[in-house]
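So in my numbering, spot 94 of the sequence shown is number 77, and the numbers just go up one at a time. C-beta atoms are modelled at their ideal positions from N, C-alpha and C, and glycine is treated no differently. Report on the structure given below.
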Amino acid sequence: MPDWLEHSVQVEVPVPVDQVWELWSDLEQMPRWMKWIESVKVLEDNPELSRWHLNTGGLQFDWHSRILKKVPNQIIQWESVDGLPNQGAIRFYDRHTSTIVKLSVAYAFPGILGKIMDSLFLGRAVESTLQANMERFRDYALQAQAQKQGVGC
C-alpha cells in the first residue's frame, strides 16, 4: 500500500484570472515553470488525457493524467491513471486585477520507499520546489501579459 504525501502552495499573480487560466490550461507549456517536469504531451485523440515525464536528481517517473474537473477561471482537477500515483487541483481565485493561484498535489510512493523518502525530508524539498515553481509561473504570466500588451521583453 503506498504512502501518500500531500502539499499545497499558492501565489498571487498580478494578472487577471482569464489570462492566468489561459496560460495554466496550456499543459504542454508547464516545463517552462515546473522545475522537475521535463515534458507534458496532451493526447490528440483524447485531450482529457496527457502524458507526463518527471526527472529530478536521477529519479524519473512517467504517467498519464486525466482531467476530472475543469471549470474555466476556477479549477482544474486531475488524477494519474498509470505510472506515478498522483492527484490534485489547481484553483484560481479572481481578485479583479490579480489572481490567487493555489496548487494542491498528492503523490504516492510504494511501501517502504515512501517512508524512506519522507524521512529524507522529501516533503520539504517538494514543497519548496512547488513554491518556487509557482513563483516562476507568476513571472511567466507577467512576461506573457507584457508581450500581449506590446511592451515585450
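- Mind checking whether V(-4) and V84 have CB atoms under 8 Å apart? yes
- CB-CB length for A124 against L26, believed under 8 Å: Actually they are not in contact, since the Cβ atoms of A124 and L26 sit about 26 Å apart, beyond 8 Å.
- For E118, which residues from the same chain have a beta carbon less than 8 Å from its beta carbon, with the 5 sequence-adjacent residues on both sides left out? V(-6)
- Residue ranges of each alpha helix (DSSP H) within the segment -15 to 40, 4 or longer: 0 to 8
- Task: Could you work out which residue in V64, E62 and A72 is closest to V54 when comparing CA atoms only?
- Result: A72
- Have a look at K160 and K52 and give me their C-alpha separation to the nearest angstrom. In the structure displayed, the chain extends from -16 to 136; residue 160 sits before or after that span and is not available.
- Rounded straight-line distance, which links the Cα of F120 to that of G135: Annotation note: pLDDT 48 at G135 (below 50); position unreliable, coordinate value reported separately. For G135 and F120, the distance between alpha carbons rounds to 17 Å.
- Query: What span of residues does the beta strand (DSSP E) with G71 cover, start to end?
  - Reply: N69 to D77
- Query: Looking only at C-alpha atoms, which of Q57, M17 and V64 sits nearest to N142?
  - Reply: No answer is possible for residue 142: it lies beyond the span of the chain, which begins at -16 and ends at 136.
- From the DSSP output, in three-state form, read off S81 for me. coil
- Message: Distance check for S8 and F75, CA to CA, integer angstroms please.
- Response: 11 Å
- Task: Could you tell me which residues DSSP pairs with V54 in its beta bridges?
- Result: I58
- Task: May I have the straight-line CA-CA distance separating L42 from V0, to the nearest angstrom?
- Result: 34 Å
- Message: With a threshold of 6 Å on Cβ separation, who are the neighbours of Q70 within its own chain once the five nearest residues in sequence on each side are excluded?
- Response: E62 and A89
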